[in-house]
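Same order as they appear, the protein sequences are chains A and B.
The first sequence begins at 1 in our numbering and counts up by one.
The second sequence begins at 1001 in our numbering and counts up by one.
Cβ atoms here follow ideal geometry from the backbone N, Cα and C, with glycine treated the same way.
Bear in mind that the values here come from a model prediction, so they are computed numbers and not experimental data.
So the structure is just underneath, and the comments pick up after that.
There are 2 protein chains.
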Amino acid sequence: MNEQIIQNYLSETIESFRSYKKLAEKAMAQVTGEEFFRAIDAEANSIAVIVKHIAGNLHSRWTDFLTTDGEKPDRNRDSEFIAESDTRESVLEFWEAGWKILFDSLESLKIEDLGKTVKIRGEDYTVVKAINRSLAHAASHIGQIMFLAKHFRVADWKTLSIPKNKSAEFNLDLAEKQKVETEKLSRFEVPPESSGQANSGE
Amino acid sequence: MNEQIIQNYLSETIESFRSYKKLAEKAMAQVTGEEFFRAIDAEANSIAVIVKHIAGNLHSRWTDFLTTDGEKPDRNRDSEFIAESDTRESVLEFWEAGWKILFDSLESLKIEDLGKTVKIRGEDYTVVKAINRSLAHAASHIGQIMFLAKHFRVADWKTLSIPKNKSAEFNLDLAEKQKVETEKLSRFEVPPESSGQANSGE
């Protein structure tokens, strides 16, 4: 039973990372090239910079996760906050590569690894704490990407959540959809896609 | 060993929630009353609205967490996106109350509860998935609060992370601090506070 809970924690966490990655990508897909690099004040991070920072963090924390310090000596954190010589393509390549390192690492973890300890900037972290911290960190910055993309697109923004003043309608539609699906599907089939949308309609 | 991992997961998660709550509060403390309610475009959520939404979500999800659907029939989600008749005090009271429900509920969970299933809008969620989803949701909106507060305060913003172009310096300072602490503390004492700052210097 306990082993099942831990196995479940690991697969749920991987799923959460995937759904936040997807939310960020759906938000980014809506902005123009200029908006991708636009900062709303002299100190604010652009979407490009936030993407570089998330990716730089993932590279550093998840390369050789169990065996080396999560803050790599060759990480240039300050450079993540500058995107002047980057293209949208180079930023998104770095993003993909960072997530690949995360997923490869998470997917190779065994249950017994969850009881181990890793180091981040010389401090001890349980593996569970390092995972939690990484998910919350990514989610907090992806929230910013979504906020900025929506701000730039205002009128023609395609919502990634429940539209304003549509919560009651959404709940009714969902109840109806679930009724139909319950009639259609046996309990061993795939659940409706909505359960995978971590940030949708919270 | 497995029981230890699950116990550890629960306490780490509570700690992560606490540190994101604190980050939000440190950010909010820096804005004026006008900025607290300011929306940067006609569709954008103000800090007040984001706070109401996080709190409304926590109330709904964490009241009678194990025994009732996480989307409560009396939740008025749409009203969370309007703050016209609220004061800063009323919004922060709602915020505190929401977090209290979360912490009371999380702290009362037993290890065997982590193997149970709960419902959100009629869909089944493992307890672990519901917890992960709640943490990531709160973190994503708290990232937005921090982004907005920093935007409003630009020049006199007191950073909650590592200042720009100070990453290398921060790592050196930390290494020095850890050296001194290792000399001072036995391994059974409390670790330096920095390990509790979930979003600081990622």
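Where the beta strand (DSSP E) containing ILE1120(B) begins and where it ends: 1117-1120
Proximal residues to LYS1116(B) (C-beta, below 8 Å), its chain only, five neighbours per side dropped: LEU1066, THR1126 and VAL1127
Beta-carbon contacts of PHE1027(B) that lie in its chain and below 6 Å, excluding the five residues immediately before and after: Correcting the residue type first, residue 1027(B) is Ala in the shown sequence and not Phe. Correct list, in chain order: ILE1145, MET1146 and ALA1149.
Closest by C-alpha distance to LEU1160(B), when choosing among LEU1114(B), LYS1022(B) and ILE1005(B): For LEU1160(B), the nearest C-alpha among the options comes from LYS1022(B).
GLY1033(B), buried or exposed, once every other Cβ within 10 Å from all chains shown has been counted against 16: exposed
Neighbourhood of VAL91(A) by C-beta, 7 Å cutoff - its chain only, sequence neighbours within 5 removed: ALA48, VAL51, LYS52 and ALA83
Selection from TYR20(A), ASN165(A), LYS129(A) and ALA24(A) that minimises the alpha carbon distance to ARG1133(B): TYR20(A)
DSSP-derived helix/strand/coil call for GLY201(A): coil
ILE14(A) vs GLU107(A) beta-carbon contact at 8 Å: ILE14(A) is a Cβ neighbour of GLU107(A), given a cutoff of 8 Å.
Per-residue contacts from THR63(A) into chain B (C-beta, under 8 Å): Simply none; closest approach about 15 Å.
The stretch 35-47 of chain A / the stretch 162-175 of chain A touching (three or more Cβ pairs under 8 Å): no
Contiguous alpha helix (DSSP H) assignments of at least 4 residues, all confined to the stretch 11-90 of chain A: 33-36 and 47-62
Residue range of the beta strand (DSSP E) that includes GLU123(A): 123-126
Backbone CA spacing between PHE152(A) and SER1140(B) [nearest angstrom]: For PHE152(A) and SER1140(B), the distance between alpha carbons rounds to 18 Å.
Within-8 Å CB hit, ALA1175(B) to chain A: True, the Cβ-Cβ gap to chain A drops below 8 Å.
8 Å Cβ cutoff, ASP1086(B) in contact with chain A: no
Closest residue to ILE54(A) among ILE101(A), SER11(A) and VAL31(A) (Cα-Cα distance): ILE101(A)
With 16 other Cβ atoms within 10 Å as the buried cut-off, status of GLU176(A): exposed
For TRP99(A), three-class secondary structure by DSSP: helix
Neighbourhood of GLY1070(B) by C-beta, 7 Å cutoff - its chain only, sequence neighbours within 5 removed: SER1060, ARG1061, VAL1118, LYS1119, ILE1120 and ALA1130, listed in sequence order.
CB contact below 8 Å: GLU3(A) versus chain B: Chain B, which has a Cβ nearer than 8 Å to the Cβ of GLU3(A), makes this yes.
Sequence-distant residues of the same chain with beta carbon closer than 7 Å to ILE1111(B), five excluded per side: GLU1003, ILE1006 and GLN1007
Under 7 Å from the C-beta of HIS141(A): neighbouring residues of chain B: Residues of chain B passing the Cβ test: GLY1143.
Spatial neighbours of SER195(A) in its chain, beta-carbon cut-off 7 Å, leaving aside the 5 residues before and after: Model confidence at SER195(A) stands at a pLDDT of 36, short of 50, so the residue's coordinates are unreliable; what they give is reported in the following sentence. Excluding residues within five positions, none has a Cβ falling inside 7 Å.
Assigned secondary structure, ILE1142(B) (DSSP; H/G/I helix, E/B strand, else coil): Residue state, collapsed to three classes: helix.
Chain A within 8 Å of ILE1014(B), Cβ atoms only: no
Nonlocal neighbours in the same chain, by C-beta distance under 8 Å from LEU58(A), ignoring five residues either side: GLY98, TRP99, ILE101, LEU102, SER134 and ALA138
Per-residue contacts from GLY98(A) into chain B (C-beta, under 7 Å): Those do not exist, as GLY98(A) stays about 13 Å from chain B at its closest Cβ, beyond 7 Å.
Residues that GLU1034(B) contacts on chain A, provided the C-beta gap is smaller than 7 Å: Chain-order list of chain A residues neighbouring GLU1034(B): empty, with the shortest C-beta distance near 17 Å, by a criterion of under 7 Å.
6 Å CB neighbourhood of PHE204(A) in its chain, flanking five on each side removed: Residue 204(A) lies beyond the residue range present for chain A, which begins at 1 and ends at 202; the question has no answer from this structure.
ALA136(A) vs ALA1136(B) beta-carbon contact at 8 Å: Yes, Cβ-Cβ distance for ALA136(A) and ALA1136(B) is below 8 Å.
Candidates ARG1075(B), ARG1038(B), ASP1124(B) and GLY1056(B), of which the one nearest GLU1093(B) by Cα: Minimum Cα distance to GLU1093(B) is reached at GLY1056(B).
Residues from the stretch 36-70 of chain A in contact with chain B, defined by Cβ distance under 7 Å: ILE40, ASP41, ALA42, GLU43, ALA44 and ASN57
Cutoff 8 Å; reference PHE81(A); Cβ partners in own chain excluding five residues on either side: Non-local C-beta neighbours of PHE81(A) in its own chain, meaning closer than 8 Å and more than five positions away in sequence, comprise ASN45, VAL49, LYS52 and HIS53, ordered along the chain.
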